[in-house]
Every structure is written in C-alpha cells, then in structure tokens.
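Student: In numbering that gives the first Met the number 0, the protein residues as written are 0 to 136.
Using N, Cα and C, we set each Cβ at its ideal position, and we do this for glycine too.
Could you have a look at this structure, given as structure tokens, before my questions?
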Amino acid sequence: MFKNDLSYAKQRVMCHSNRLPTMTLNQTFKNYSLNDGRIAKFDFEFNAKELNIELEIRKRIIKEKFEPCKILLTFSNVKLFDIMEDFPTDGQYSDITILEVEDNSIYASFDPYSNSGLPNEQDNWIVRAGSLSILEI
C-alpha cells in the first residue's frame, strides 16, 4: 500500500541547503534529526495550493554531534491539509512521518499516532501534496 523505500521519493522531493548539495529524502533523514523539533510557523497560499512549514530541528555535524538549524518544507499542489490543534505544546513535536504513498503523492504528519513511519487514520497535522522541497534556512 505504501512505498517504504524512501529512495523512491528522490525524484519527487528536492532538498537544498546553503551548505549541502541537493539531496534525496534519505540523505535529509541522514543529515538532520527531524524528531523532537518545533514547528516555528506555517503559511498556506490558497491560490498556489502551496504550504510552507518552517521547522526548528538539529543538523548532524559529525556522528554524535548536532547543532540547531531551521529548514523550510514547501509542499506544492497540496491536496489535503488536516490539523486539529489546541496549542498546548508551543509547536513542539516528538516525531514526524514523511514518505511517498502509492498514488505518488507526498504524505507528511507532524503528529503521527504511532512511531511506525506509516500513515495512520489517527495522525494529526497531515499534509498530502504533489511534491515537496526542503531548504535549510
């Protein structure tokens, strides 16, 4: 049902950094710690069907050393943005799920129900989009 091999998503996800060359989604997960982050802001452009989410995360410097950084996730051709939030966490999240699903769209949840790495009906902060680009800012 879902494509678990994140390398499959490399053509649909473009990652840019002012310090690193363009990366695949696998390389993004390798070079950044996306869990235990904070959603700093999000912006949805209705006419463009584009959602920008700025995350405060950690970037791997060496094997066990990280430094704080920010990335901007830009979801294009947004098909779904589902959020239920009472704001008790000040934007903090513990886990994140991002993958390409069977219909070739990008699925992301910033409040997944479980740590399975797969979509779940009880996920929150869900985005489904045609493509995703990631930029270190």
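For threonine 88, is the classification buried or exposed, using 16 other Cβ atoms within 10 angstroms of its Cβ as the cut-off for buried?
Tutor: Exposed, by the Cβ-count rule.
Student: What is the DSSP secondary structure of threonine 27, reduced to helix, strand or coil?
Tutor: In this structure, threonine 27 counts as helix in the three-state DSSP scheme.
Student: Quick test of the definition: if touching needs 3 or more C-beta pairs under 8 Å, does the segment 73 to 83 touch the segment 120 to 129?
Tutor: The segment 73 to 83, when compared against the segment 120 to 129, does touch it at the 8 Å Cβ threshold.
Student: Could you pull the start and end residues of the beta strand (DSSP E) that phenylalanine 80 belongs to?
Tutor: Taken as a continuous stretch (DSSP letters only), the beta strand (DSSP E) holding phenylalanine 80 covers 64 to 81.
Student: Can you look up leucine 117 in the DSSP assignment and give me helix, strand or coil?
Tutor: Three-state result, leucine 117: coil.
Student: Relative to the C-alpha of alanine 47, which candidate in Gln26, Asn76, Ser32 has its C-alpha closest?
Tutor: Nearest C-alpha to alanine 47: Asn76.
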